[in-house]
Amino acid sequence: MKIADLYVRVSTDEQAEKGYSLRSQQDVLEKYCELNGIKKRKVIVEDYSAKTFNRPEWKKLIIHLKKHKGKSDLLLFTKWDRFSRNTSDAYQTIAMLNKLGVDPQAIEQPLDLNVPENKMMLAVYLTTPEIENDRRGLNTKAGIRQAKKEGRWTGKAPLGYINKTAENGKKYIALKQPEASLMKWIFEQLADGTYSGEQILHTAREKGLNCSKNNFYTIIRNPIYCGKVIVPKYNNEDAFLAQGLHEALISETMFFNVQDILNGRKKEFGQPISTPESLVLRGFLKCPKCHRSLSGSSSKGKNKHFTYYHCTSSCGIRYRSEKVNEDFITELLAYLPRNGYAEIFTETISDAYQNQVGSILDERKSYSGQIRDYTRKIERARDLLLDNEIDAVDFRAIKVECNEKIAILESKLSEINTKNKAVLNIKPIA
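Okay, structure coming up:
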């Protein structure tokens with residue numbers, strides 16, 4: 000008596016669209032075994048797509064068959080599309096199963112693969128669902144592209160918008176407050192060019208923005224905010240921006256102004272945020288534990304606000320700014336020059352300062368250049384994607400890697416900008 004493993008598979012979409020049922024497949028297979036005197040060994044139930052053999056239960060089955068070679072003669076399923084929807088993968092897997100002594104068979108499309116002509120029929124059974132898949136994919140892409148050409152956003156609404164459905168059933172996006180106002184403020188700050196992207200992100204988070212650094216630098220490059228929808232290149236049609244049906248958050252002029260600033264084609268942003276007198280040493284002090292630059296912030300007490308210098312890491316270092324500032328002035332007073340030396344002292348300090356500023360400017364130039372290089376790399380990758388020279392997976396990997404490096408460089412640039420004061424007036428301490 001032959002021994003068989005029964006393989007039943009259905010994806011969620013197939014069950015919804017075509018009514019495939021795991022239970023009905025199993026019933027048909029068990030009835031077939033009963034009528035043909037085949038002993039059932041085990042039933043493998045799968046709810047994954049057949050586009051590839053990278054399916055959890057299938058991989059377990061193969062491991063089991065390799066460990067128990069010769070324990071099963073047949074692998075039964077109802078139709079060949081339950082087995083696979085990928086022709087090349089299917090042939091390789093059939094050959095691998097044969098080496099394990101297992102003969103795969105579709106009971107509703109039986110084939111004796113020892114007969115050469117039947118291999119042609121097998122190709123028909125396997126390619127038909129593959130062609131259906133490809134056609135469905137093309138139809139989906141065409142539908143999405145047409146929707147974009149009409150100005151409709153087809154995915155999850157970006158930050159500041161919300162997905163809605165009109166009375167006629169058509170989906171659209173609408174402004175969502177308070178996120179929309181916050182995103183508008185972000186673009187206004189970026190267009191102004193006074194603060195760096197990281198400084199603006201930090202302040203926006205304090206205002207309630209819930210967004211990662213990588214996502215922040217992705218969304219501020221999305222033309223959806225100026226009322227445009229990207230229509231990617233397709234065959235002989237070039238990529239272009241379609242006029243969106245949604246309400247724009249900012250003007251086109253402001254959006255492209257921001258892109259020029261981000262790409263380094265306009266004035267560099269990054270002037271330090273104005274520092275309160277109580278936190279004048281913010282960015283100049285080092286954490287005694289992790290050696291990072293100490294930041295500063297205020298904390299509300301019972302009757303008034305207190306300011307502190309603190310570390311941005313989890314080491315917990317924090318000092319009252321009032322005490323630190325007093326100690327710093329006391330230390331400076333110890334270096335007061337004697338009468339007649341004040342002018343030389345001031346000149347020496349000025350020279351040292353200029354050298355330090357020169358070094359900082361060189362670092363800024365280097366970091367800004369690297370940011371522009373990584374930005375151009377993303378743009379080149381996007382062009383390759385639109386030209387179908389790389390796929391979406393490769394583009395996403397390049398984009399994520401570049402955005403991570405840009406975020407690190409932005410962080411370093413922000414730290415340098417905090418230290419780089421525009422004007423330093425050196426006066427004798429009286």
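For the sequence shown, numbering that gives the first Met the number 0 assigns the number 0 to the initial residue and increments by one for each residue that follows.
Beta carbons: idealized from backbone N, C-alpha and C, even for Gly.
In terms of CA proximity to Gln24, Trp79 leads the group Val257, Met120, Trp79 and Lys38. Shown here for Ile37: same chain residues with a beta carbon closer than 6 Å to its own, the five before and five after excluded, namely Lys1 and Ala3 in chain order. Lys147 places its beta carbon 8 Å or farther from that of Ile161.
In the DSSP secondary-structure assignment, Gly69 is not bridged to any residue. Our two residues, Asn138 and Thr217, have alpha carbons roughly 28 Å apart in a direct line. Distance between Asn132 and Glu388, taken at the CA atoms: about 22 Å. As the crow flies, the alpha-carbon of Ile377 is around 31 Å from that of Arg134. With contacts defined as CB atoms closer than 8 Å, Lys206 and Leu181 qualify as a contacting pair.
The DSSP assignment places 160-164 and 170-174 as complete runs of the beta strand (DSSP E) inside the region 152-201, in order along the chain (cut-off: 3 residues). Taking a contact as a CB-CB distance under 8 Å, the pair Gly154 and Gly243 does not count as one, their CB atoms being some 13 Å apart. For Val323, same chain residues with a beta-carbon under 8 Å away, outside a window of 5 residues either side, are Leu280, Leu284 and Tyr308 in chain order.
Residue pairing by DSSP places Pro103 opposite Leu74 in a beta bridge. CA-to-CA, the gap between Ile397 and Asp88 works out to about 28 Å.
Excluding its 5 nearest sequence neighbours in each direction, Ala156 has C-beta neighbours in its own chain below 6 Å: Asn162 and Ile172, listed in chain order. The Cβ atoms of Leu75 and Leu28 lie closer than 8 Å to each other. DSSP places Ala238 in the coil class of the three-state scheme, outside both helix and strand. Separation of Cys310 and Gly295 (C-alpha to C-alpha, rounded to the nearest whole angstrom) is 8 Å. Counting only runs that start and end inside the region 269-329, the beta strand (DSSP E) elements of at least 3 residues fall at 294-299, 304-309 and 317-319. Taking all protein chains shown into account, Asn235 has fewer than 16 neighbouring C-beta atoms within 10 Å of its C-beta and is therefore exposed. For the region 98-143, the full-length beta strand (DSSP E) segments reaching 3 residues or more read 102-105 along the chain.
In summary, Tyr366 is buried, with 16 or more beta-carbon neighbours lying within 10 Å of its beta-carbon over all protein chains present.
Beta-carbon to beta-carbon, Thr86 and Thr126 are separated by about 5 Å, close enough to satisfy the 8 Å threshold. If you ignore the 5 residues before and after Arg319, its C-beta comes within less than 7 Å of the C-beta of Phe305 and Tyr307, all in its own chain and listed in chain order. Annotation for Asn213: Val399, Asn402, Glu403 and Ala406 place their beta carbon closer than 8 Å to its own, counting only its chain and skipping 5 residues before and after. Here Ala247 is actually not in contact with Val228; their C-beta atoms are around 11 Å apart, not less than 8 Å. For Val257, the enclosing alpha helix (DSSP H) has its first and last residue at Glu251 to Leu261. Only residues of its own chain outside the window of five on either side were considered, and among them Ile229, Leu240 and Phe254 have a CB closer than 7 Å to the CB of Pro222, listed in chain order. In this structure Ile260 does not touch Phe186 by the C-beta definition: roughly 11 Å separates them, more than the 8 Å allowed. DSSP, read as helix, strand or coil, puts Tyr233 in strand.
Shown here, Ala247 sits in coil according to DSSP, grouped into three states, outside any helix or strand.
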